[in-house]
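Heads up, the thing below is written out as structure tokens.
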Amino acid sequence: MSRQQVEMTVNGRVHAGEVEPRLTLVDFLREDCALTGTHTGCEQGVCGACTVLVDGEPMRSCLMFAVQADGAQVTTIEGIGGGREGLTPVQQAFMDNHGLQCGYCTPGFIVTVEAFLRDTPSPSDEQIREALSGNVCRCTGYQGIIAAVRQAADQLAAEARS
Numbered sequence: 001m002s003r004q005q006v007e008m009t010v011n012g013r014v015h016a017g018e019v020e021p022r023l024t025l026v027d028f029l030r031e032d033c034a035l036t037g038t039h040t041g042c043e044q045g046v047c048g049a050c051t052v053l054v055d056g057e058p059m060r061s062c063l064m065f066a067v068q069a070d071g072a073q074v075t076t077i078e079g080i081g082g083g084r085e086g087l088t089p090v091q092q093a094f095m096d097n098h099g100l101q102c103g104y105c106t107p108g109f110i111v112t113v114e115a116f117l118r119d120t121p122s123p124s125d126e127q128i129r130e131a132l133s134g135n136v137c138r139c140t141g142y143q144g145i146i147a148a149v150r151q152a153a154d155q156l157a158a159e160a161r162s
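Numbering (the UniProt record's numbering), first residue to last: 1 to 162.
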């Protein structure tokens, strides 16, 4: 199988390489970019553990080939918060509300919620549940996660008012 050249900006840094056309984006991120925060779960797009932002939109990186992301801006969990800025309101809310336990699903939830709250700043509980429906957690029972999204939405709204 012939290899193809890809180049994408991942978390603000250009990553390029030659890949097999069938290499998934999650594998490119984990293996070629050494960004292991994006987790491989079901490999069928059902669990949401591999969610990343591609040109600002949440995508299941297990369902996307790396060649499809050629030229794209990709944001992984490593590109959200951290550093000098500290935790984002979403990350802090997950901690405050025990919205994580084993942590395997957490990166996918965080990425999903960051995009959701950007697009839906004042969500109803029904909208929150719908937004989270593509992410699976086997540990928390979801109540802490829903509370975390509500807290983050309230925090972001308060920051926007000030």
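Note that CB positions come from ideal geometry on N, CA and C, so glycine has one too. For clarity, every value in this text was computed on a predicted model and none was experimentally measured.
Fewer than three pairs of CB atoms, one per stretch, sit closer than 8 Å, so the region 28–45 makes no contact with the region 112–131. The alpha carbon of M95 has as its nearest neighbour, out of G37, E57, T140, A66, the alpha carbon of T140. Counting along the chain, V54 sits inside the beta strand (DSSP E) bounded by residues 51–54. About 16 Å separates the beta carbons of V46 and T38, which is beyond the 8 Å limit, so they are not a contact pair. In the pairwise beta carbon analysis, the region 61–80 is classified as not touching the region 123–134: fewer than three pairs are separated by under 8 Å. Taken through DSSP and simplified to helix, strand or coil, G86 comes out as strand. Bridge pairing for T112: absent [DSSP]. Note on geometry: alpha-carbon atoms of C50 and Q151 lie some 24 Å from one another.
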